[in-house]
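Please read the structure below before turning to the comments.
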Amino acid sequence: MIFFWLACWMDDSTYLEERERFFDRDGDGFTPNDGDCDDANPMLHPDADEVCDDLDNNCDGLLDIDPITGSIWYTANANGCFDQRVIACFPPDEPYQVTAEDCP
Ligand SMILES: [Ca+2]
Ligand SMILES: [Ca+2]
Ligand SMILES: [Ca+2]
Numbered sequence: 006m007i008f009f010w011l012a013c014w015m016d017d018s019t020y021l022e023e024r025e026r027f028f029d030r031d032g033d034g035f036t037p038n039d040g041d042c043d044d045a046n047p048m049l050h051p052d053a054d055e056v057c058d059d060l061d062n063n064c065d066g067l068l069d070i071d072p073i074t075g076s077i078w079y080t081a082n083a084n085g086c087f088d089q090r091v092i093a094c095f096p097p098d099e100p101y102q103v104t105a106e107d108c109p
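Numbering-wise (the numbering used here), the sequence shown opens with residue 6 and increments by one.
This is the structure we're talking about:
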């Protein structure tokens with residue numbers, strides 16, 4: 006129905022371009038119109054988990070931010086003891102250690 010409606014007011018190339026937005030080419034359950042940022046790769050869609058791979062897995066526009074797995078670093082708590090666990094693809098901006106401290 007929407008294709009017919011689009012076809013009525015667009016020229017052919019614009020219509021074909023717009024029509025692509027409503028097809029799920031990689032079969033991941035998301036069309037570009039649903040937010041699929043790479044409809045040629047079924048591993049990339051809005052419900053995908055972000056992992057450290059230089060790709061925007063969950064299509065939020067951010068590469069490798071808040072991954073489900075990654076390297077572990079420890080940043081300091083309010084008392085200056087490094088026991089705050091951080092899982093990330095990149096080292097934290099703030100001071101960190103690779104091992105946790107035993108805090109009193
Ligand atoms: Ca798709
Ligand atoms: Ca992302
Ligand atoms: Ca990623």
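Even for Gly, the Cβ is constructed at its ideal location relative to N, Cα and C.
- Please state whether DSSP places ASP88 in a helix, a strand or coil. In the sequence shown, residue 88 corresponds to position 83, counting from 1. Strand.
- Query: Can you tell me the Cα-Cα spacing of PHE27 and CYS42, whole angstroms?
  - Reply: For this step, residue 27 is matched to residue 22 along the sequence shown. For this step, residue 42 is matched to residue 37 along the sequence shown. In a straight line, the C-alpha of PHE27 is about 13 Å away from that of CYS42.
- Is there at least one non-hydrogen atom of ligand 3 closer than 7 Å to the beta-carbon of ASP61? For this step, residue 61 is matched to residue 56 along the sequence shown. Checking the Cβ of ASP61 against ligand 3 gives yes.
- Given a threshold of 16 other Cβ atoms within 10 Å of its Cβ, counted over all protein chains shown, does ALA53 qualify as buried or as exposed? Here residue 53 refers to the residue found at position 48 when the sequence shown is read from its first residue. With 16 or more other Cβ atoms within 10 Å, it is buried.
- Task: Report yes if the C-beta distance between VAL4 and ILE73 is below 8 Å; otherwise report no.
- Result: Residue 4 cannot be examined here, being either before or after the span of the chain that is shown, 6 to 109.
- Comparing alpha-carbon positions, which option in ALA105, ASP65, PHE35, ASP71 lies nearest TYR79? By one-based count along the sequence shown, residue 79 stands at place 74. Per the Cα distances, ALA105.
- Item | CYS108 classed as buried or exposed, judged by whether at least 16 other C-beta atoms fall within 10 angstroms | Residue 108 sits at position 103 when you count from the first residue of the sequence shown. Exposed, since its Cβ has fewer than 16 Cβ neighbours within 10 Å.
- So, MET15 versus GLU25, is the Cβ gap smaller than 8 Å? One-based indexing of the sequence shown puts residue 15 at position 10. One-based indexing of the sequence shown puts residue 25 at position 20. Result no, Cβ atoms of MET15 and GLU25 do not sit closer than 8 Å.
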